[in-house]
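1 is the number of the first residue of the sequence shown in UniProt numbering; add one for each residue after it. Read the structure below first, then the notes.
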Amino acid sequence: MREQAAIRIEPAPTIRAFTTLGYGAGALRSPFQAPLATSLASRGAAGGWSDPGRVRGPLEAFDLEQLQMVGTLSGNAGSFVLLRAGDAVHRLRIGDYLGRDQGRIVAIDESWVKVLEIVPDGSGGWLDRPRTLALKPHS
């Protein structure tokens with residue numbers, strides 16, 4: 001090994017200095033989140049309850065799934081929906097409350113009743129959730 005001539009090694013290449021670029025979008029909203037205006041608008045009322053001092057009705061102790069529409073009544077006093085809860089039938093009108101999620105009757109038809117519930121959105125706000133109870137055949 002000592003008899004071989006030394007091999008000439010080329011010098012290491014010079015490394016160019018790269019200019020760094022700043023990331024200017026770090027303070028901006030994530031593209032995976034809703035815009036703030038949309039997010040705040042969808043939250044609704046801060047407390048969710050339209051009138052916390054209101055006396056709750058007997059049908060607000062039931063889940064909406066436990067209520068069954070059995071008919072309607074119409075007359076000079078307006079339209080009413082007949083809902084069965086357990087063994088009793090209750091007469092309600094537009095504006096009456098039912099269900100555990102602050103459900104309020106917003107429309108009555110011969111074959112259905114529309115209810116608007118207020119439910120938590122999971123982020124500290126509230127959402128309006130429309131529901132429909134339909135008249136069951138042979139009720």
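No residue lacks a Cβ here, since even glycine has one placed at the ideal position from N, Cα and C.
- Per DSSP, the beta-bridge partners of THR132 are LYS114.
- Inclusion of GLU117 and ASP101 in the CB contact set at 7 Å is warranted, their separation being smaller than that value.
- When GLY122, MET69, GLY26 are compared, the shortest CA-CA separation from ILE108 is found for MET69.
- ALA77 and LEU59 do not touch by the CB rule: their CB atoms are close to 19 Å apart, not below 8 Å.
- Shown here, GLN33 sits in coil according to DSSP, grouped into three states, outside any helix or strand.
- Residue pairing of GLY103 in beta bridges, as defined by DSSP: LEU98.
- For the pair LEU82 and GLY75, the Cα-to-Cα distance works out to about 14 Å.
- A straight-line Cα-Cα distance of about 46 Å links THR19 and ASP121.
- In this structure, LEU133 is the residue among LEU133, LEU28, ASP128 with its C-alpha nearest to the C-alpha of THR72.
- Counting C-beta atoms within 10 angstroms of its own C-beta, LEU98 has 16 or more neighbours from the protein chains shown and is therefore classed as buried.
- Between the C-alpha atoms of VAL89 and PRO52 there is a straight-line separation of about 26 Å.
- Check the Cα spacing between LEU127 and each of SER79, ALA25, GLY103, LYS114: the tightest is with GLY103.
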